[in-house]
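A.B. asks:
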Amino acid sequence: MKKKFYITTPIYYPSAEAHIGHAYCTTICDILARYKRMRGVETYFLTGTDEHGEKIQKNAALKGVTPQEFVDEIAGKFQNLWKAMKISNDDFIRTTQDRHVKVVQDVFTKLYNNDDIYLGKYEGWYCTPCESFWTDTQVGEEHLCPDCGRPVHKASEEAYFFKTNKYLPELLKIMDENPKFILPLNRKNEMMNTFIKPGLNDLCVSRTSFDWGIQIRENPKHIIYVWMDALTNYISALGYDSDDESKFKKFWEDPDCEIVHIVGADISRFHVIYWPMFLMGLGLRVPDRVFVHGLLDLNGEKMSKSRGNVVSPLPLIDRYGVDTVRWYLAREMTFGSDGRFSPELFVDRINMDLANNFGNLVNRTTSMINKYFEGKVPAVTELNERDKALKLATETALRAYETYFDDLKVTEALVEVTELLNKANKYIEDSTPWTLSKEGRVDELANVMALLTNVIIVATKMISPVLVETSEKVFDLFHLSKEQRTYDLNYEFCPFTGNEVTKATALFPRLDAETETEYIHSLAKQ
Ligand code: ME8
Numbered sequence: 306m307k308k309k310f311y312i313t314t315p316i317y318y319p320s321a322e323a324h325i326g327h328a329y330c331t332t333i334c335d336i337l338a339r340y341k342r343m344r345g346v347e348t349y350f351l352t353g354t355d356e357h358g359e360k361i362q363k364n365a366a367l368k369g370v371t372p373q374e375f376v377d378e379i380a381g382k383f384q385n386l387w388k389a390m391k392i393s394n395d396d397f398i399r400t401t402q403d404r405h406v407k408v409v410q411d412v413f414t415k416l417y418n419n420d421d422i423y424l425g426k427y428e429g430w431y432c433t434p435c436e437s438f439w440t441d442t443q444v445g446e447e448h449l450c451p452d453c454g455r456p457v458h459k460a461s462e463e464a465y466f467f468k469t470n471k472y473l474p475e476l477l478k479i480m481d482e483n484p485k486f487i488l489p490l491n492r493k494n495e496m497m498n499t500f501i502k503p504g505l506n507d508l509c510v511s512r513t514s515f516d517w518g519i520q521i522r523e524n525p526k527h528i529i530y531v532w533m534d535a536l537t538n539y540i541s542a543l544g545y546d547s548d549d550e551s552k553f554k555k556f557w558e559d560p561d562c563e564i565v566h567i568v569g570a571d572i573s574r575f576h577v578i579y580w581p582m583f584l585m586g587l588g589l590r591v592p593d594r595v596f597v598h599g600l601l602d603l604n605g606e607k608m609s610k611s612r613g614n615v616v617s618p619l620p621l622i623d624r625y626g627v628d629t630v631r632w633y634l635a636r637e638m639t640f641g642s643d644g645r646f647s648p649e650l651f652v653d654r655i656n657m658d659l660a661n662n663f664g665n666l667v668n669r670t671t672s673m674i675n676k677y678f679e680g681k682v683p684a685v686t687e688l689n690e691r692d693k694a695l696k697l698a699t700e701t702a703l704r705a706y707e708t709y710f711d712d713l714k715v716t717e718a719l720v721e722v723t724e725l726l727n728k729a730n731k732y733i734e735d736s737t738p739w740t741l742s743k744e745g746r747v748d749e750l751a752n753v754m755a756l757l758t759n760v761i762i763v764a765t766k767m768i769s770p771v772l773v774e775t776s777e778k779v780f781d782l783f784h785l786s787k788e789q790r791t792y793d794l795n796y797e798f799c800p801f802t803g804n805e806v807t808k809a810t811a812l813f814p815r816l817d818a819e820t821e822t823e824y825i826h827s828l829a830k831q
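In case it helps, the numbering used here puts the sequence shown at residues 306 to 831.
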């Protein structure tokens, strides 16, 4: 594992407010960042907003405000949402900030002087909501945008182009030599078959048809097309090409820093193909991995701001708590595959994993320790076969969890935790502590309580990058010292003898399926 970790979300368009899809990607990045920090890796986590472009200019005009006023308001709402979701980003970059604008202009100049960019004419099918030009094949006979399904129109303008084929051999070499450059692995074939094999066009990197963007210094009637502007955020935020390049040196140039971009399937080609090429033109290192996550639909319908059917995470957080929403997002959809947001799945998932499994285990254990051992964790003595099996299961789960996380398999890592918690609940049923107590088998009963405490603390540490509030509550219930709260794979077995234990009050109350699904359905309709 590298010593440092730089992780980024896409920078979202503040053309409308954030929805559950944005929250999904940001939450997963947050979980990865928190996991790395917990492992002692120096981590830098970036998110932000992509504030230029025709759509934003149009939306601002509709509202009767300037584009800057428009993005200021929505960027503020994004930041508030991330606070409410306990997102631990180290920085929030906005592409209208001076620190970014200057870098983008310099990047353009460098690439132009390097003969990577030339002035030509662009003709194609343009989708205004998506700000993308498409080819004849892509729009089909009906002339519909392949992304959002809306009609496209023919457009032509003088524009600058980036020479993609100049860097294609180097890109293919990187993809070959580093098989984990694009993750999950099947996304590589998709990139090759859909975009690279049919032949790559040069990329249009400027516009003259609107002016809400970063001007090209050498030819001010052009603005830099939104993707070259947007992608540059990953280095401008680190201070590339500024008076203080210390963060850039630390988190980009140092080969001992792992650079990971997490992006949705809708924008993978920009990150996997063009962004590495821009970096090659600038003579900079390319990222280690681009992880392409799937898109969430809403009750089976594609969710997008352009279509106007979105769910905001805020009312969900207000009603169910931030951990519940974070857990649902990270656990329900396998990270890397497409998924679905549905009220029924939400309620089922929370009841199954948090109320019945995790919450129940903590409630039962803390209550039994109070009943049988006056609220103090007893010491372990000789273990029987069942105890040994649970001890082994804990160690095995911990190792599998780390391996999955190191491969960015977030959901799989969390499944390890829920399976371990299931085993612990089953261990209670099999050990029948109530019988041990009745029969006065105190040593065996003590072992059961000590082992359960051990599993709960290990599992809570594993789950803590997701359940940021509850994990602290559980540590408090077991009166853990600061040292006892740290995470260590080679942990000491049952080191909690003598710790006081407070009886839990329902950590995650069971949700009433009928009332809550109805409530969440009403949110999706608003
Ligand atoms: O594309 N399910 O911004 P954007 C899951 N500004 N994730 C979703 C989602 C859904 N239904 N909808 C959106 C842009 N996302 C550019 C990015 S980066 C240099 C510039 C997430 O506001 C997902 O991560 O349209 C997707 O890639 C991103 O939001 C697109 O956000």
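Every residue, glycine too, gets a C-beta built ideally from N, C-alpha and C.
Bear in mind that the values here come from a model prediction, so they are computed numbers and not experimental data.
Could you tell me if Thr810 is buried or exposed, where buried requires 16 or more neighbouring beta carbons within 10 angstroms of its beta carbon?
C.D. replies: exposed
A.B. asks: Just reading off the beta strand (DSSP E) that Trp557 is part of, what are its end residues?
C.D. replies: No beta strand (DSSP E) holds Trp557; DSSP gives it neither H nor E.
A.B. asks: Compare the Cα-Cα distances from Tyr625 to each of Arg342, Met390 and Phe310 and report the closest residue.
C.D. replies: Met390
A.B. asks: Considering only C-alpha positions, which residue in the set Tyr349, Tyr431, Ala328 and Pro648 is nearest to Glu359?
C.D. replies: Tyr431
A.B. asks: Buried or exposed for Thr352, going by 16 or more other Cβ atoms inside 10 Å?
C.D. replies: buried
A.B. asks: Out of Gln443, Tyr633 and Leu536, state which residue places its alpha-carbon closest to the alpha-carbon of Pro592.
C.D. replies: Considering only alpha carbons, the answer is Leu536.
A.B. asks: Can you list the beta strand (DSSP E) stretches of 3 or more residues lying completely in the region 347 to 379, in chain order?
C.D. replies: 347 to 354
A.B. asks: With DSSP as the reference, identify every bridge partner of His566, one or two as the case may be.
C.D. replies: Thr313 and Val595
A.B. asks: From the DSSP secondary-structure annotation, give me the bridge partner or partners of Glu462.
C.D. replies: Per DSSP, Tyr427.
A.B. asks: Please return the same chain residues whose Cβ sits closer than 6 Å to the Cβ of Thr629, not counting the five positions on each side in sequence.
C.D. replies: Ile655
A.B. asks: His576: buried (16+ other C-beta within 10 angstroms of its C-beta) or exposed?
C.D. replies: Taking all protein chains in view, the Cβ of His576 is crowded by 16 or more other Cβ atoms within 10 Å, so the residue is classified as buried.
A.B. asks: Distance, Cα to Cα, Tyr732 vs Thr822?
C.D. replies: Distance between the alpha carbons of Tyr732 and Thr822: 32 Å.
A.B. asks: Considering only residues of the same chain and omitting the five flanking positions on each side of Ala698, which have a CB-CB separation below 7 Å?
C.D. replies: Close CB contacts of Ala698 within its chain, under the 7 Å cut and outside five residues either way in sequence, are with Leu725 and Lys728 (chain order).
A.B. asks: Taking Ser437 as part of the beta strand (DSSP E), name the residues at either end of that continuous run.
C.D. replies: Ser437 to Trp439
A.B. asks: Anyone know if the C-beta pair for Ile361 and Tyr317 falls short of 8 Å?
C.D. replies: No.
A.B. asks: By how many angstroms is the C-alpha of Val760 removed from the C-alpha of Thr834?
C.D. replies: Nothing can be reported for residue 834, as the shown portion of the chain is limited to 306 through 831.
A.B. asks: Specify the secondary structure class of Gln520 as computed by DSSP and reduced to three states.
C.D. replies: strand
A.B. asks: By Cβ distance, which residues of its chain are closer than 7 Å to Leu508, with the 5 residues on each side in sequence left out?
C.D. replies: Phe466, Phe467, Thr469 and Tyr579
A.B. asks: Going straight from the alpha carbon of Val747 to that of Met638, what length do you get?
C.D. replies: 44 Å
A.B. asks: In whole angstroms, give me the CA-to-CA distance for Ile521 and Ile529.
C.D. replies: 6 Å
A.B. asks: Please tell me whether Lys382 and Glu446 are closer than 8 Å, where the distance is taken between their beta carbons.
C.D. replies: The Cβ atoms of Lys382 and Glu446 do not sit closer than 8 Å to each other.
A.B. asks: Comparing alpha-carbon positions, which option in Asn675, Lys607 and Leu650 lies nearest Ala570?
C.D. replies: Lys607
A.B. asks: Should Asp571 be listed as close to the ligand GDP, given that the test is whether its C-beta is under 7 Å from any heavy atom?
C.D. replies: Ligands in the displayed structure: the ligand ME8; the ligand GDP is not one of them.
A.B. asks: If you measure between the beta carbons of Ile567 and Cys799, is that distance less than 8 Å?
C.D. replies: no
A.B. asks: Given that a residue counts as buried once 16 or more other Cβ atoms are within 10 Å of its Cβ, and exposed if not, what is Asp643?
C.D. replies: exposed
A.B. asks: Based on Cα-Cα distance, which residue from Asp561, Gly586 and Leu757 lies nearest to Asn418?
C.D. replies: Gly586
A.B. asks: What are the boundary residues of the beta strand (DSSP E) that includes Asp602?
C.D. replies: Annotation: the continuous beta strand (DSSP E) that includes Asp602 extends over Leu601 to Leu603.
A.B. asks: Look at the alpha carbon of Asp355 and the alpha carbon of Asn662, and state the distance between them as a whole number of angstroms.
C.D. replies: Their Cα atoms are separated by approximately 40 Å.
A.B. asks: So Asn675 and Leu812 are in contact, right, with Cβ under 8 Å, and what is the actual spacing, rounded?
C.D. replies: Rounded, the Cβ-Cβ distance is 16 Å, inconsistent with contact.
A.B. asks: I need the DSSP call for Lys738, collapsed to helix, strand or coil.
C.D. replies: The sequence given here places Pro at residue 738; Lys does not occur at that position. Helix at Pro738.
A.B. asks: Assuming contact is defined by CB atoms lying nearer than 8 Å, are Phe596 and Ile325 in contact in what I supplied?
C.D. replies: no
A.B. asks: What residues match up with Gly644 in a beta bridge as DSSP calls it?
C.D. replies: Leu601
A.B. asks: What are the start and end residues of the alpha helix (DSSP H) that includes Ile325?
C.D. replies: Ile325 to Met343
A.B. asks: Considering only heavy atoms of the ligand ME8, does any lie closer than 7 Å to the CB of Pro315?
C.D. replies: yes
A.B. asks: Measuring only the C-alpha atoms, how far is Ala380 from Glu690?
C.D. replies: 57 Å
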